[in-house]
Structures are given as structure tokens and as C-alpha cells.
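Okay, so here's the structure we're looking at.
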Amino acid sequence: MDVERIGTDLQDTLVELTDLSLQAKQLHWNVTGRHFLPLHEQLDGLTDEVRAAADAVAERAVALGYAPDGRVGTVAKESPLADVVGGRVADTEVVAHVVAVLGTVVERMRRRIDTLDELDPVTQDLLIGIVAGLEKQRWMFDAQQA
Numbered sequence: 001m002d003v004e005r006i007g008t009d010l011q012d013t014l015v016e017l018t019d020l021s022l023q024a025k026q027l028h029w030n031v032t033g034r035h036f037l038p039l040h041e042q043l044d045g046l047t048d049e050v051r052a053a054a055d056a057v058a059e060r061a062v063a064l065g066y067a068p069d070g071r072v073g074t075v076a077k078e079s080p081l082a083d084v085v086g087g088r089v090a091d092t093e094v095v096a097h098v099v100a101v102l103g104t105v106v107e108r109m110r111r112r113i114d115t116l117d118e119l120d121p122v123t124q125d126l127l128i129g130i131v132a133g134l135e136k137q138r139w140m141f142d143a144q145q146a
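For the sequence shown, the UniProt record's numbering assigns the number 1 to the initial residue and increments by one for each residue that follows.
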């Protein structure tokens, strides 16, 4: 088993999920507009789901003998996600941003799923489950743009 390669995929996933959870919480605190309340609650659900996924990813890395790094400096330096704006954010901007960053995370995780096929089906299965949840979240946020 190529622990370094699998660990690197898990580390990249951990960084993205950690950043996504922090962004969701930031938006949760600062969303404004007519759809404040449902978005405020929906962002809390997203945060909880993504934090649980990040924990599962980090624990899988440890189980394989790879040391995950979820420090804020690492996440800030390595995350490929678009930054969330500071301050109050209109509900329509929140939805558009969340859809975009979820799309980025899903796309990158799907590439990892493909490469993990022969490397480690257990890790692949973990990521497949996480992507299923993220795609559902993306759908529910995206439906609000119609």
C-alpha cells in the first residue's frame, strides 16, 4: 500500500473540507437578506456535515500511518478554494459562493476517487460517501438560484 500517496490525497481532502467548514460558518454568521433564516440554518447543517467528514478523513489518514495536518496555517496556505468575503454578505451571494466552492471540492475529490480505485478501495469508499453528501448539499443550495 502506498501510504504516502493515499495520505497526500487524504491531506488535500482534509484541507479542502476544513476550509469549507470554516467558510460555511463565516457565512452562517454574516448572511443577510430575505432568506437569512433558512440559509443561516442550512449553513449550520453544512458545517456540521463537513466537519464530520473532515474528522473521518483525518482519522483514516492516522489509521494508515499518515499524520494529517489541519492547522490553520496549513489550511490557509494550501486550500484551493476561493476566499469568502468578509463582513455581511447578501443571501444571493452566499448561495452562489457555496455552490461554487462545493463544486470545486466535489470536482477535486472525484479525481482522487478515480486514482484511489487501485490504491485503496477503503479510502476510495470513504471519499465516495463524502462526495454523495456534498453533491446533495450543492443541489440544495443551487436550487435556491433558480
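All residues carry an ideal CB built from backbone N, CA and C; glycine is no exception.
Suppose the cutoff is 8 Å on Cβ atoms and the five residues either side in sequence are ignored; what does the same chain contact list for residue i look like?
{"i": "LEU14", "result": "ALA54, VAL57, ALA58, ALA61, PRO68, ASP69 and GLY70"}
Report the three-state DSSP secondary structure of residue i (helix, strand or coil).
{"i": "VAL85", "result": "coil"}
{"i": "ALA67", "result": "coil"}
{"i": "ALA90", "result": "strand"}
{"i": "MET109", "result": "helix"}
{"i": "GLN1", "result": "Checking the displayed sequence, the identity of residue 1 turns out to be Met instead of Gln. Looking at MET1 - three-state DSSP - the assignment turns out to be coil, as it is neither helix nor strand."}
Quick check on the DSSP output: the alpha helix (DSSP H) that includes residue i runs from which residue to which?
{"i": "GLY73", "result": "72-78"}
{"i": "HIS35", "result": "Note, HIS35: premise wrong, no alpha helix (DSSP H); not H, not E."}
{"i": "ALA146", "result": "Here ALA146 belongs to no alpha helix (DSSP H), and DSSP marks it neither H nor E."}
{"i": "ASP142", "result": "121-142"}
Exposed or buried, residue i, counting other C-beta atoms within 10 Å across all chains shown (16 or more means buried)?
{"i": "PHE141", "result": "buried"}
{"i": "GLY7", "result": "buried"}
{"i": "THR115", "result": "exposed"}
Can you list, in chain order, the residues of its chain whose CB lies under 6 Å from that of residue i, leaving out five sequence neighbours each side?
{"i": "GLN33", "result": "The sequence shown places Gly at residue 33, not Gln. ALA90 and ASP91."}
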